[in-house]
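I have placed the structure first, in the form of structure tokens, so that the comments after it can refer back to it.
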Ligand SMILES: [Zn+2]
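In the working numbering, the protein residues as written are 28 to 178.
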């Protein structure tokens, strides 16, 4: 077996990180339940998922073309994680629900940046077009809240 030097390992790690950041397929680690051992795992490339077909008066999903969605997807994955966080903070509005007793209850309003504007879309459209996972979005929003409260 050929020995890999530390520099080579580092370069390979950066290479995989770069690929992950831009939504390309990469080799990552899949940890076991205890989190102390892992196996290498090939992670597939991100791809745009099927659009929604909603016709709500509140959203503009139905006027967005597949070409426009493709442009959004490309833009999102030309960014790094930091850029995607910023996108989420600017395109998702958090409104605290007045009718709820729980202070933590908040409503999320999703938008896509299209043609220099902001188009209101449903959650399914946002997730399928951006290819960003829901848990990552929720984490990002939570971090954003902490971020704003510290400032
Ligand atoms: Zn929709």
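For each residue, glycine too, the CB sits at the ideal point set by N, CA and C.
In chain order, what residues of the same chain lie with their CB nearer than 7 Å to the CB of residue i, ignoring the 5 residues before and after it?
| i | result |
| --- | --- |
| residue 50 | 72, 73, 104 and 158 |
| residue 87 | 146, 147 and 148 |
Quick one: give me the first and last residue of the alpha helix (DSSP H) that residue i is part of.
| i | result |
| --- | --- |
| residue 42 | 33 to 48 |
Taking only three categories from DSSP, how would you classify residue i?
| i | result |
| --- | --- |
| residue 163 | helix |
| residue 132 | coil |
| residue 114 | helix |
| residue 74 | coil |
| residue 63 | coil |
| residue 152 | helix |
| residue 142 | coil |
| residue 122 | strand |
Going by beta carbon distance, what residues of the same chain come within less than 6 Å of residue i, once the five residues before and after it are set aside?
| i | result |
| --- | --- |
| residue 151 | 79 |
| residue 96 | 156 |
Alpha carbon to alpha carbon, what distance is there between residue j and residue i?
| i | j | result |
| --- | --- | --- |
| residue 113 | residue 34 | 32 Å |
| residue 70 | residue 91 | 29 Å |
| residue 85 | residue 138 | 11 Å |
| residue 64 | residue 140 | 41 Å |
| residue 76 | residue 142 | 21 Å |
| residue 111 | residue 48 | 10 Å |
| residue 32 | residue 98 | 40 Å |
List the whole-angstrom C-beta distance separating residue i from residue j, where the pair is believed to meet the contact cut-off of C-beta under 8 Å.
| i | j | result |
| --- | --- | --- |
| residue 136 | residue 119 | 7 Å |
| residue 43 | residue 55 | 7 Å |
Counting only the same chain and skipping the five closest in sequence on each side, list residues whose C-beta sits under 8 Å from that of residue i.
| i | result |
| --- | --- |
| residue 133 | 121, 122, 123 and 124 |
| residue 46 | 52 and 53 |
| residue 177 | Low per-residue confidence applies at residue 177: pLDDT is 45, beneath 50, and the placement is therefore not dependable enough to give any value. |
| residue 57 | 65, 66, 67 and 68 |
| residue 115 | 159, 164, 167, 168 and 171 |
In the DSSP assignment, find the unbroken beta strand (DSSP E) run with residue i in it and report its ends.
| i | result |
| --- | --- |
| residue 57 | 53 to 58 |
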